[in-house]
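Asks: Residue numbers for the sequence shown follow this note's numbering, so the first one is 158 and each next one is one higher. Ideal Cβ positions, reconstructed from N, Cα and C, are used throughout, including at glycine.
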Amino acid sequence: SSLAEFRSVFGNSFNIDSLCLSVSLRSNRHKKTFVIFQGTDEIKTANIRTVDGQILNKESLHELILILQSKMKHFAKKELDKFPFKVKVFQINNLLVNITKHVL
Numbered sequence: 158s159s160l161a162e163f164r165s166v167f168g169n170s171f172n173i174d175s176l177c178l179s180v181s182l183r184s185n186r187h188k189k190t191f192v193i194f195q196g197t198d199e200i201k202t203a204n205i206r207t208v209d210g211q212i213l214n215k216e217s218l219h220e221l222i223l224i225l226q227s228k229m230k231h232f233a234k235k236e237l238d239k240f241p242f243k244v245k246v247f248q249i250n251n252l253l254v255n256i257t258k259h260v261l
């Protein structure tokens, strides 16, 4: 996948909800990992409850990955502890790598 391919699918300005995806585990096709990107607003408890509402088949969910563009409030983090599956949180800035400037 290249930047040009990404832009051909999503355009230069895209709806962040279109980046959400669900994939099955190779070891168990019935268990899924769900990836959700959050917008630029600070993440509050209400945002986490909205995420919870987006997840339809919680019993088949193995893991949730949240990609954040802003900080998460303390109580929002506590809300994640209530989820019955593993939740991983990443800041989008930590995931961005310019491969033209990357040295191995």
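Could you tell me which residues DSSP puts in a beta bridge with residue 200?
Replies: Here the question's residue 200 lines up with position 43 in the sequence shown. Residue 200 is bridged to 229.
Asks: On a Cα-Cα basis, can you pick out the residue from 188, 229, 180 and 233 that is closest to residue 219?
Replies: Counting from 1 along the sequence shown, the entry for residue 219 is found at position 62. Here the closest residue by C-alpha is 188.
Asks: Drop a sphere of 10 angstroms on the beta-carbon of residue 204, count the other beta-carbons inside from all chains shown, and report buried for 16 or more, exposed for fewer.
Replies: The residue labelled residue 204 in the question sits at position 47 within the sequence shown. Flag for residue 204 reads buried.
Asks: Check whether the Cβ atoms of residue 112 and residue 224 lie closer than 7 Å to each other.
Replies: Because residue 112 is not part of the residues shown, which for the chain are 158 to 261, the question remains open.
Asks: Hey, would you say residue 232 sits closer than 7 Å to residue 207, going by beta carbons?
Replies: In the sequence shown, residue 232 corresponds to position 75, counting from 1. In the sequence shown, residue 207 corresponds to position 50, counting from 1. The answer is no: Cβ separation not under 7 Å.
Asks: Nearest-angstrom Cα distance between residue 161 and residue 184?
Replies: Looking up residue 161 in the sequence shown gives position 4. Looking up residue 184 in the sequence shown gives position 27. So the two alpha carbons sit approximately 32 Å from each other.
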